[in-house]
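Residue numbers (our numbering): 1 to 155.
Ideal Cβ positions, reconstructed from N, Cα and C, are used throughout, including at glycine.
Everything numeric in this text was worked out from a predicted model, so none of it was measured.
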Amino acid sequence: MRNGEVIRKNGEKLFGDIFVYNKDGNEKIRFKDLDYAYSGCVSPNQQLLVIKSTGGRLAVYSLEELKLIKKFRFSKVDGSQDDNFIFSPDGKYFFNIERHSSSTKTALSIYNTNDFSLHKRLFNDDDNLVLCMIEYDKESSNYFVLGFLRNPQIK
Numbered sequence: 001m002r003n004g005e006v007i008r009k010n011g012e013k014l015f016g017d018i019f020v021y022n023k024d025g026n027e028k029i030r031f032k033d034l035d036y037a038y039s040g041c042v043s044p045n046q047q048l049l050v051i052k053s054t055g056g057r058l059a060v061y062s063l064e065e066l067k068l069i070k071k072f073r074f075s076k077v078d079g080s081q082d083d084n085f086i087f088s089p090d091g092k093y094f095f096n097i098e099r100h101s102s103s104t105k106t107a108l109s110i111y112n113t114n115d116f117s118l119h120k121r122l123f124n125d126d127d128n129l130v131l132c133m134i135e136y137d138k139e140s141s142n143y144f145v146l147g148f149l150r151n152p153q154i155k
C-alpha cells in the first residue's frame with residue numbers, strides 16, 4: 001500500500017499482470033512486463049515495486065513515475081519465484097533467495113537498489129543448504145534466514 005493506493009495482482013486470466021489502484025478503487029496502471037508474476041515487494045520509502053516471476057525474472061517499477069525501471073533474469077530455473085525476497089530497512093539493498101543451477105540449490109543475492117547491480121552472493125557454495133525465507137526483525141535489527149540442511153549423500 002502506498003498513500004492509500006492498493007497494489008494488487010491478477011493471475012487468473014492475465015497470468016501475472018500487476019495492477020496499481022488508487023484508494024477509490026480506480027486502476028492507475030497495469031504492468032504487463034512479466035509472464036506468470038505472482039509475488040511483489042514494495043520498498044520502505046514506497047517508491048519501488050519489485051515483482052518476481054516463475055521464469056526467474058525480476059521487474060523493478062517506479063511507483064512515483066509508474067514505469068518499468070529495470071527487468072532482468074536472475075535464474076534460468078523455472079519455479080524460482082517461490083523463495084522470499086525483501087528490501088533492507090533503509091532501502092539501499094534488495095535481498096533475493098535464488099536458484100541458479102538447479103531447483104535444489106539456493107543462494108542469497110544482494111542487489112544495490114540504485115541500479116539493481118549484484119552487490120554480493122552468499123551461501124551459493126553449499127549444495128546441502130536450502131534457503132527458503134529471509135525476514136528482518138526491527139526490534140533486534142537482525143536478519144533471519146530460514147532454511148534447512150539436506151543430508152549429504154553417503155557414498
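Residue i versus residue j - alpha carbon distance
{"i": "ARG150", "j": "SER101", "result": "17 angstroms"}
{"i": "VAL6", "j": "ASN26", "result": "Residue confidence for VAL6 is low, a pLDDT of 46 falling below 50, so the modelled location carries little weight and cannot support an answer."}
{"i": "PHE72", "j": "ASP33", "result": "11 angstroms"}
{"i": "ASN124", "j": "ARG99", "result": "9 angstroms"}
{"i": "ILE18", "j": "PRO89", "result": "24 angstroms"}
{"i": "ARG30", "j": "VAL20", "result": "6 angstroms"}
{"i": "SER53", "j": "PRO44", "result": "21 angstroms"}
{"i": "GLN46", "j": "SER62", "result": "9 angstroms"}
{"i": "LEU49", "j": "PHE94", "result": "11 angstroms"}
{"i": "ASP83", "j": "ASP24", "result": "32 angstroms"}
{"i": "VAL42", "j": "GLU139", "result": "20 angstroms"}
{"i": "SER117", "j": "SER39", "result": "20 angstroms"}
{"i": "GLU64", "j": "LYS76", "result": "30 angstroms"}
Assumed close pair residue i, residue j - CB separation to whole angstroms, cut-off 8 angstroms
{"i": "VAL60", "j": "LYS70", "result": "5 angstroms"}
{"i": "ARG121", "j": "SER103", "result": "Contact flag wrong, Cβ pair sits at about 18 angstroms."}
{"i": "THR106", "j": "VAL130", "result": "5 angstroms"}
Short Cβ contact (8 angstroms threshold) for residue i with residue j
{"i": "THR113", "j": "GLY147", "result": "no"}
{"i": "TYR136", "j": "ILE97", "result": "no"}
{"i": "TYR36", "j": "GLY55", "result": "yes"}
Which of helix, strand or coil DSSP assigns to residue i
{"i": "ASP78", "result": "coil"}
{"i": "GLY147", "result": "strand"}
{"i": "GLY11", "result": "In this prediction, GLY11 scores a pLDDT of 36, lower than 50, which makes its location untrustworthy; no coordinate-derived value is stated."}
{"i": "HIS119", "result": "strand"}
In the segment 31 to 102, which residue ranges form an unbroken beta strand (DSSP E) of at least 3 residues, counting only runs that do not cross its ends?
-> 37 to 42, 48 to 53, 57 to 62, 67 to 73, 85 to 87, 93 to 98
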